[in-house]
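Protein chains in written order, with our numbering: chain A, 1 to 126; chain B, 1001 to 1126.
All C-beta atoms, glycine included, are put in the ideal place defined by N, C-alpha and C.
Below you'll find the structure, written out as structure tokens, and then a few comments.
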């Protein structure tokens, strides 16, 4: 995933507040371009340009249905970006688990030293 | 959170594969600038520029300790970006829950119709 080019486009697409507003709307269900434009203070062509960036990134898909262009979120690209955060958090939490285990061990060492050698129970290693 | 300016900077910072590699390294623990540069095929000044973007976004903090600049991840900015995805996923899953409930209701209607009016148990509404 390190140099996943799709992630470059997904994160670049999400770096704009109007595009995030569009994705926020689409996470509640499919919407037409006019639905997406409604909360945004911009022209329809400007909205279409933002939509284009979202579609290129793979986050959103749209298709014409009669005279209306309907848009929906693309779960694959969304999950890839979400997964990037999840992986970082996982390695970071593993680090804190190791730190906690280390400190628990240190504490056990101190306690063992204080009680001298009376207990024979092995100390916990995680 | 809709127009959170910090999110603009965080997502823009993550739109670059070298900067993501730096954050990936930092999620495993604090690192010096040379540690961060090690897997990247670029000059130290280029790494420093990327670090500057990460620091401006709030994702990373660095401080000089003697002759070494040590960098660490900033959990607040990280959590804000991660939280943006979590909120989208939550509203999207609520939508699927409602859809599922609707379909279950439709199914219950069909079953009730098929069994005529023999059962008096009220059908489940979620």
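Taking 8 angstroms as the cut-off, the Cβ atoms of residue 1007 of chain B and residue 1021 of chain B do not count as close. Excluding five sequence positions before and after residue 1013 of chain B, the CB atoms of its chain that fall closer than 7 angstroms to its own CB belong to 1019, 1053, 1054, 1057, 1059, given in chain order. DSSP, reduced to helix, strand and coil, places residue 22 of chain A within a helical segment of the structure shown. Pairwise C-beta distances place the stretch 26-41 of chain A in contact with the stretch 1078-1096 of chain B, as three or more of them are shorter than 8 angstroms. Assignment of residue 32 of chain A by DSSP, reduced to helix, strand and coil, places it in the strand class. Among the residues of the stretch 1036-1047 of chain B, none has a Cβ less than 7 angstroms away from any Cβ of chain A. Contact between residue 1051 of chain B and residue 1071 of chain B is confirmed by a C-beta separation of about 7 angstroms, below the 8 angstroms threshold. Contact check for residue 1085 of chain B against residue 81 of chain A passes: the beta carbons are separated by less than 8 angstroms. The beta-carbon separation of residue 33 of chain A and residue 48 of chain A, rounded to 7 angstroms, stays under the 8 angstroms limit for a contact.
Against chain A, the beta carbon of residue 1059 of chain B has no neighbour under 8 angstroms; the closest one sits roughly 10 angstroms away. For a Cβ distance threshold of 8 angstroms, residue set 11, 12, 15 of chain A lies close to residue 1012 of chain B, ordered along the chain. Looking at A:79, A:66, A:10, the one whose alpha-carbon comes closest to that of residue 1017 of chain B is A:10. Counting only the Cα atoms, residue 1107 of chain B lies some 45 angstroms from residue 1076 of chain B.
For residue 100 of chain A, no CB of chain B lies under 8 angstroms from its own CB, so it is not counted at the interface with that chain. Residue 103 of chain A and residue 1037 of chain B have their alpha carbons spaced roughly 30 angstroms apart.
Residue 8 of chain A has a beta carbon lying within less than 8 angstroms of a beta carbon in chain B. Partner residues in the beta bridge of residue 1063 of chain B, as assigned by DSSP, are B:1070.
Under the Cβ distance rule, residue 89 of chain A counts among the residues neighbouring chain B, one pair being separated by less than 8 angstroms. Contact of residue 1027 of chain B with chain A by beta-carbon distance below 7 angstroms involves 88, 91, 92. A straight-line Cα-Cα distance of about 35 angstroms links residue 97 of chain A and residue 1096 of chain B. Counting along the chain, residue 1048 of chain B sits inside the alpha helix (DSSP H) bounded by residues 1044-1057. Proximity of residue 1081 of chain B to chain A, defined by a Cβ-Cβ separation below 8 angstroms, is satisfied. In the structure shown, residue 40 of chain A adopts coil according to DSSP, grouped into three states. DSSP places residue 109 of chain A inside the alpha helix (DSSP H), whose first and last residues are 75-114.
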